[in-house]
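Engineer:
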Amino acid sequence: MRLENKTAIIIGAGQSPGETMGNGRATAIRFAQEGARVLCVDRDLASAQDTAAQAGQGAAAFQADVTREAEMAAAIAEAVRLWGRVDILHYNVGMSLAGGDAAPTEITEEAFDRVTAVNLRGFVMAVKHALPVMRRQEAGVILSISSAAAVESYPYVAYKTTKAAMLAFTEQVANQNAGHGIRCNTILPGLMDTPMAVDTRVRHTGKTRAEVAAERDAKVPLRRRMGTAWDVANAALFLASDEAGYITGVALPVDGGRLVQIG
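Numbering follows full-length UniProt numbering, with no gaps: position 8 of the sequence shown is 8.
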């Protein structure tokens, strides 16, 4: 019960179609298992409701589009309306190929703006509206899902750029709000076996899921196997809990040793 009596908002708690579980859904379930009241936010209300049902423990679903600031504000307000406070904000939204991401010489304005709006601007706007609540409380935890792509070689420009920017924003929020008792950290997943990471590539490459998974498994130093959404969820649970009460402004790799290879 590491999050007993805590209120958490997970933005991106639904998931795209695929054979495995996504990071947002797994984190909502883990937070609920540890006693949190969880608001499962997603643009796909049915998917958010499915996550809330699996989480149980009084979890609720809320529909919001991260590209609209007013809807990020509404999600924060809904948690306050339901439970009176916001202890944890977890931003778990991201896209790359699904948004039209491409190499630097091929990226279009539309694709770059689309990926940036989802990966970065939505995070900034969610934080903008959560901070006043947390400052009044003199406590709070802000988490996000960046990516190991932020610091390693990655072929597509918008995803890498936005995920790297999330690190800088995390440090800024941590620095400016430490005096309010607010912590801000981000997670750098490596090669994960999630619908967004694997099944999207299956649809875009024409390869089988087994082929995509095998290629990714081979690149992971630790046991030559991708991580799962539960690996990310457990890292988020630690950072959200009081056990990480002296940790702020960090980027935590959850990558099976991938980043160790590049120093």
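All residues carry an ideal CB built from backbone N, CA and C; glycine is no exception.
With DSSP as the reference, please indicate the residues paired to Asp42 in a beta bridge.
Structural biologist: Gln63
Engineer: What span of residues does the beta strand (DSSP E) with Arg89 cover, start to end?
Structural biologist: At residue 89 the sequence reads Leu, which differs from the Arg that was named. Here the beta strand (DSSP E) through Leu89 covers Ile88 to Tyr91.
Engineer: Which residue wins for smallest C-alpha separation from Ala251, given the options Ile107, Thr161 and Thr170?
Structural biologist: Thr170
Engineer: Residues in its own chain within less than 7 Å of Arg114 by CB, not counting five upstream and five downstream?
Structural biologist: Gly99 and Gly100
Engineer: Could you pull out every unbroken alpha helix (DSSP H) segment of at least 4 residues lying fully inside the stretch 99-131, listed in chain order?
Structural biologist: 109-116
Engineer: Taking one C-beta from the stretch 8-15 and one from the stretch 202-222 each time, how about it: are there three or more such pairs within less than 8 Å?
Structural biologist: Using a C-beta cut-off of 8 Å, the stretch 8-15 makes no contact with the stretch 202-222, since fewer than three inter-stretch Cβ pairs fall below that distance.
Engineer: In angstroms with no decimal places, state the Cα-to-Cα distance between Phe112 and Leu82.
Structural biologist: 36 Å
Engineer: Go ahead and pull the three-state DSSP assignment for Gly227.
Structural biologist: strand
Engineer: Return the chain-ordered list of same chain residues with a C-beta closer than 6 Å to the C-beta of Phe62, the five sequence neighbours on each side being excluded.
Structural biologist: Leu39, Val41, Ala75 and Glu78
Engineer: For Ala55, which residues from the same chain have a beta carbon less than 6 Å from its beta carbon, with the 5 sequence-adjacent residues on both sides left out?
Structural biologist: Closer than 6 Å at the Cβ level, and outside the excluded window around Ala55, lie Ala28, Ile29, Ala32 and Val38.
Engineer: Considering only their Cβ atoms, is the gap separating Arg135 from His180 smaller than 8 Å?
Structural biologist: Contact: yes.
Engineer: At what residues does the beta strand (DSSP E) containing Val254 begin and finish?
Structural biologist: Ala251 to Val254
Engineer: What do you get for Val212, buried or exposed, if any count of 16 or more other CB atoms within 10 angstroms of its CB means buried?
Structural biologist: Its Cβ being crowded by 16 or more others within 10 Å, Val212 is buried.
Engineer: Using only CA atoms, which one of Tyr246, Ile107 and Asp255 lies nearest to Ala178?
Structural biologist: Tyr246
Engineer: With DSSP collapsed to three states, give me the class of Arg68.
Structural biologist: coil
Engineer: Over what stretch of residues does the beta strand (DSSP E) that includes Arg216 continue unbroken?
Structural biologist: Per DSSP, Arg216 belongs to no beta strand (DSSP E); it is in the alpha helix (DSSP H), Arg209 to Asp217.
Engineer: Could you check if Ala158 is buried or exposed, using at least 16 other CB atoms within 10 Å of its CB as the buried criterion?
Structural biologist: buried
Engineer: Just the C-alpha distance for residue 264 and Gly35, rounded to the nearest angstrom, thanks.
Structural biologist: Residue numbering for the chain in the displayed model covers 1 to 263; residue 264 lies beyond these limits and cannot be assessed.
Engineer: On the DSSP letters alone, give me the boundaries of the beta strand (DSSP E) that Val141 sits inside.
Structural biologist: Gly140 to Ile145
Engineer: If contacts are defined as beta-carbon pairs under 8 Å, then Ala148 and Leu97 qualify, I think. What distance do you get, rounded to the angstrom?
Structural biologist: That belief does not hold up - the Cβ atoms of Ala148 and Leu97 are roughly 16 Å apart, past 8 Å.
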